[in-house]
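In the numbering used here, the protein residues as written are 4 to 231.
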Amino acid sequence: MNIEPHSTASVPAPTELAPLRAEVLRSLWKLRRDSYAQAHLYEDARIRVHRSLTWLAMSESRSPNESDTKLIELWASAGALFGRWSAMLGAPLAQREATASFARQVIQWDRDGIMPKVLGALRVSVPMMWNDPYLTQALGMVTTNALANRKPEIPADDAGFLAGLLERIGLTVHQLTLGAASYGGNQNRIAVERSLVALSELVPAFLHVITEHGYVDDWGPLCSPPRE
Numbered sequence: 004m005n006i007e008p009h010s011t012a013s014v015p016a017p018t019e020l021a022p023l024r025a026e027v028l029r030s031l032w033k034l035r036r037d038s039y040a041q042a043h044l045y046e047d048a049r050i051r052v053h054r055s056l057t058w059l060a061m062s063e064s065r066s067p068n069e070s071d072t073k074l075i076e077l078w079a080s081a082g083a084l085f086g087r088w089s090a091m092l093g094a095p096l097a098q099r100e101a102t103a104s105f106a107r108q109v110i111q112w113d114r115d116g117i118m119p120k121v122l123g124a125l126r127v128s129v130p131m132m133w134n135d136p137y138l139t140q141a142l143g144m145v146t147t148n149a150l151a152n153r154k155p156e157i158p159a160d161d162a163g164f165l166a167g168l169l170e171r172i173g174l175t176v177h178q179l180t181l182g183a184a185s186y187g188g189n190q191n192r193i194a195v196e197r198s199l200v201a202l203s204e205l206v207p208a209f210l211h212v213i214t215e216h217g218y219v220d221d222w223g224p225l226c227s228p229p230r231e
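Right under this line is the structure:
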C-alpha cells in the first residue's frame, strides 16, 4: 500500500512526559521476571515484555537520520505486546482487531494514570493524523465526494483514540515494510515523524503499565511461541 500523506503541516514536537528508557523499564521488570520465571508464572507476558524491550532498546540507538528504521523497530516493540494468534483463523488476529482489543486492555490495567497523561498530550501533538486525507481514504472512512471534505471526529474516549492512532501508525509502517516509499524519502516524512512522536511515548507507557500491573492478565496467545 503506497501511503503518501498530502498534508504539509509542520511535524509536532514530542511531548514533555520524558518516557522511561528500555534500561529503566528492564530494571523495573527484572525482579518480577526472575521470580515468576522460577515459579513458571505469566510466561506469555514475560515473553512479550522481553521481546518488546529488545526492540525498544534497539530503537533508542538510532540517530535522527534513521527515522524509518526507528519507526519499524518501535512498531515491532508494540507488536510484541498487542499481537495475538487466532486459533479460529489459524493466523494472527487482524491488526485492527488486535490493536483495538489491546487498547481497551492496557487502559483497563493502568492503575497509575499513565495512559491518560500520555494520550492527553498526544491529542494535542498528533491530531493531524485524523485529518490527513490519504490516511482517511486508506482507512475506508471517505467513500463519496460528499464526504470528502468532512473531517473525521477524533474519538473522545481514550481506548477509541488509542486504537485509531495505532491503526494510522500501522498504515504508515506498512508502507515502509512493503518498500512502497524510499528510505528517508520526503513524501512520507510527515507521517513517519508523527508516528515516531506517538510511538516514542506510547511504547514505554505500554511496557510500564504491563510490568507494573498488567502482567497478571491474559494478553492472548502468542503469534510465535518460542520453540522448546
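Backbone N, C-alpha and C define an ideal beta-carbon position, used for all residues, glycine too.
Across the structure, W133 and P228 are spaced so that their CA atoms are roughly 35 Å apart.
In terms of Cβ geometry, L205 and V121 form a close pair [threshold 8 Å]. With a threshold of 16 other beta carbon atoms within 10 Å, Y218 meets it and is buried. Ranked by how close their Cα comes to the Cα of S55, the residues Y39, T72, W78, K73 have W78 in first place.
Judged by pairs of C-beta atoms under 8 Å, the region 100–119 touches the region 208–222, as three or more such pairs exist. Collapsing the DSSP output to three states places A183 in coil.
Closest by C-alpha distance to F164, out of R36, L59, T175, A103, is A103.
Excluding residues up to 5 positions away in sequence, T214, Y218 lie with their Cβ nearer than 8 Å to the Cβ of R35 in the same chain. Counting of Cβ neighbours within 10 angstroms places R24 among the exposed residues, the total staying below 16.
With respect to P224, W32 sits apart: the two C-beta atoms are not nearer than 8 Å. In this structure, DSSP gives W112 a state outside helix and strand, which the three-state scheme calls coil. Secondary-structure assignment with DSSP links P95 through a beta bridge to W88.
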